[in-house]
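Q:
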Amino acid sequence: MLKKISWVLLILALSSFATLYYYWRQLTRVPEWYSAQTIESIEIPQTEAQPINFSNIRSKVRQKIAQSPKNSELELQLNAQQINELVVSSIAENPKGRELLKAAKGINTTINEDNVEIGMIVNTTELQASPFGSKEKVALNKILQDIPTLQNRDIYIGIESLPQVEGGRLQVDPNTQIKVGNLSFSIAEISQKLGVSPEKIIEKVNQNLDNLTVNDLTLEEDTVRITGSVN
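Note that numbering that gives the first Met the number 0 has the sequence shown beginning at 0, numbered continuously upward.
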């Protein structure tokens, strides 16, 4: 009888280990596009006064809108690389965002017909050393304490969403998924873990095109097509 109990306990222990190992592998999995040997580093301006070189696409978008007659229809087409540049330049405008980019090993945008995924590879140790806000640092430290094997590892953090048009603005779908490694979480799940409301997270991701009322957004292979009316 004792031998049978021992076997049962052993099987349960192995099952628990296998489950933990599976989730650890999924959590630390990085996308195929990432290669530590080939990925190009992200250029970060050293000071706020220094021009952001990679914001050219942002300037071009604003210039195209500014040069269009008022009340005219305008179509914008952005590919994955251009969206990368928009995301990086937006993050770099904030001092804390600039520090986040310093911990990033690469950023990538994937455009499919049903969603857009934007994500970056970050090193947990470098991220931990970045001057985040107190809530973010507490949350990160707790994760690294609970899973010490994540220390000094490159992990993938991304957001997968189907952008929507509401009130002339681009909004993030409430069903947006936050990805860590190969695991997906809802905005509500992430907000519960980090102590941040879904509204705050959505507000961070919302995009607003100056002087353009967005009428429609279409996703094609590697292209986001936006149509709107110039104000």
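Note that CB positions come from ideal geometry on N, CA and C, so glycine has one too. Quick caveat: nothing in here was measured; it's all calculated off a predicted structure.
1) Below 8 Å, can you find three or more Cβ-Cβ pairs linking the stretch 93-106 to the stretch 141-148?
2) Spatial neighbours of L216 within its chain, please: CB distance less than 6 Å, with the 5 preceding and 5 following residues excluded, ordered by chain position.
3) Can you give the beta carbon distance from D153 to I120, rounded, assuming they're within the 8 Å contact cut?
4) Consult DSSP for R61 and reduce its assignment to one of helix, strand or coil.
5) Excluding the five sequence neighbours on either side, which residues of its own chain have a C-beta within less than 6 Å of the C-beta of N78, listed in chain order?
6) Go ahead and label K59 buried or exposed: buried means 16 or more other beta carbons lie within 10 angstroms of its beta carbon, across all protein chains shown.
7) Which word fits Q66, buried or exposed, when buried means at least 16 other C-beta atoms lie within 10 angstroms of its C-beta?
8) Using only the alpha-carbon positions, how far apart do A187 and S89 sit?
9) For G227 versus L73, is the C-beta spacing smaller than 8 Å?
10) Quick one: is T108 buried, meaning 16 or more other Cβ sit within 10 Å of its Cβ, or exposed?
11) Run the CB neighbour count on N83, radius 10 Å, all protein chains shown included, and call it buried at 16 or more, exposed below.
12) Looking at the unbroken alpha helix (DSSP H) that takes in I146, where does it start and where does it end?
13) Report the rounded CA-to-CA distance for P159 versus N114, giving the unit in angstroms.
14) Between Q62 and L100, what straight-line distance do the alpha-carbon atoms span, to the nearest angstrom?
15) Who are the Cβ neighbours of T46 in its own chain at under 7 Å, not counting the five residues just before and after it?
16) Which of the three DSSP states, helix, strand or coil, is assigned to A102?
17) I'd like the span of the beta strand (DSSP E) that includes T212, first residue to last.
18) Given a threshold of 16 other Cβ atoms within 10 Å of its Cβ, counted over all protein chains shown, does Q81 qualify as buried or as exposed?
19) Ordered along the chain, which non-local residues of its own chain (more than five positions away) have a Cβ less than 6 Å from that of E116?
20) Where K69 and N230 are concerned, what is the direct C-alpha to C-alpha distance, given to the nearest angstrom?
21) Report the CB separation of E112 from E219 in whole angstroms; it is logged as a contact under 8 Å.
22) Taking the continuous alpha helix (DSSP H) assigned at S67, which residues delimit it?
23) Determine the closest residue to Q150 out of T124, I64, A128 and L85, with distance taken between C-alpha atoms.
A: According to the structure data:
1) no
2) In the sequence shown, residue 216 corresponds to position 217, counting from 1. Once the five neighbours on either side are set aside, the close Cβ partners of L216 are P162, V164 and I225.
3) As a first step, residue 153 is located in the sequence shown; it is residue number 154 there, counting from the start. As a first step, residue 120 is located in the sequence shown; it is residue number 121 there, counting from the start. Rounded, the Cβ-Cβ distance is 5 Å, consistent with contact.
4) The residue given as residue 61 occupies position 62 in the sequence shown. It is helical.
5) Numbered from its first residue, the sequence shown carries residue 78 at position 79. Excluding sequence neighbours, N78 sits near D221 and T222.
6) Position 60 of the sequence shown, counting from 1, holds the residue named residue 59. Exposed is the call here.
7) Counting from one through the sequence shown, the residue named residue 66 turns up at place 67. Here Q66 is exposed, its C-beta having fewer than 16 other C-beta atoms within 10 Å.
8) Counting from one through the sequence shown, the residue named residue 187 turns up at place 188. Counting from one through the sequence shown, the residue named residue 89 turns up at place 90. Using only the alpha carbons, I get a separation of about 24 Å.
9) Taking the sequence shown and counting its residues from 1, one reaches residue 227 at position 228. Taking the sequence shown and counting its residues from 1, one reaches residue 73 at position 74. Yes, the pair counts as a contact, with Cβ atoms nearer than the cut-off.
10) Along the sequence shown, one-based indexing puts residue 108 at 109. Classification of T108: buried, given that the 10 Å Cβ count is 16 or more.
11) The residue you call residue 83 lines up with position 84 of the sequence shown. Per the 10 Å Cβ criterion, buried.
12) Along the sequence shown, read from residue 1 onward, the residue named residue 146 stands at position 147. It is not in any alpha helix (DSSP H) - I146 carries neither H nor E in the DSSP assignment.
13) Reading the sequence shown from its first residue, position 160 is the one you call residue 159. Reading the sequence shown from its first residue, position 115 is the one you call residue 114. Note that residue 159 is Glu in the sequence shown, not Pro. Taking the straight line joining both Cα atoms gives about 7 Å.
14) Locating residue 62 in the sequence shown gives position 63, counting from the first residue. Locating residue 100 in the sequence shown gives position 101, counting from the first residue. Distance between the alpha carbons of Q62 and L100 is about 26 Å.
15) Here the question's residue 46 lines up with position 47 in the sequence shown. Confidence is the limiting factor: at T46 the pLDDT is only 43, short of 50, which leaves the residue's position unreliable and the question unanswerable from this model.
16) Here residue 102 refers to the residue found at position 103 of the sequence shown. A102 falls in the coil class under three-state DSSP.
17) Taking the first residue of the sequence shown as 1, we reach residue 212 at position 213. Its beta strand (DSSP E) spans residues L211 to E219.
18) For the purposes of this step, residue 81 is taken as residue 82 along the sequence shown, with counting starting at 1. Buried, since its Cβ has 16 or more Cβ neighbours within 10 Å.
19) Mapped onto the sequence shown, residue 116 falls at position 117. Result list for E116: T109, G157 and E159, in chain order.
20) Counting from 1 along the sequence shown, the entry for residue 69 is found at position 70. Counting from 1 along the sequence shown, the entry for residue 230 is found at position 231. Going by the C-alpha atoms only, they are around 5 Å apart.
21) For the purposes of this step, residue 112 is taken as residue 113 along the sequence shown, with counting starting at 1. For the purposes of this step, residue 219 is taken as residue 220 along the sequence shown, with counting starting at 1. Yes, E112 and E219 are in contact; Cβ-Cβ is about 7 Å, under 8 Å.
22) To locate residue 67, count along the sequence shown from 1; it is residue 68. Note, S67: premise wrong, no alpha helix (DSSP H); not H, not E.
23) The residue you call residue 150 lines up with position 151 of the sequence shown. When only C-alpha atoms are compared, the closest one is T124.
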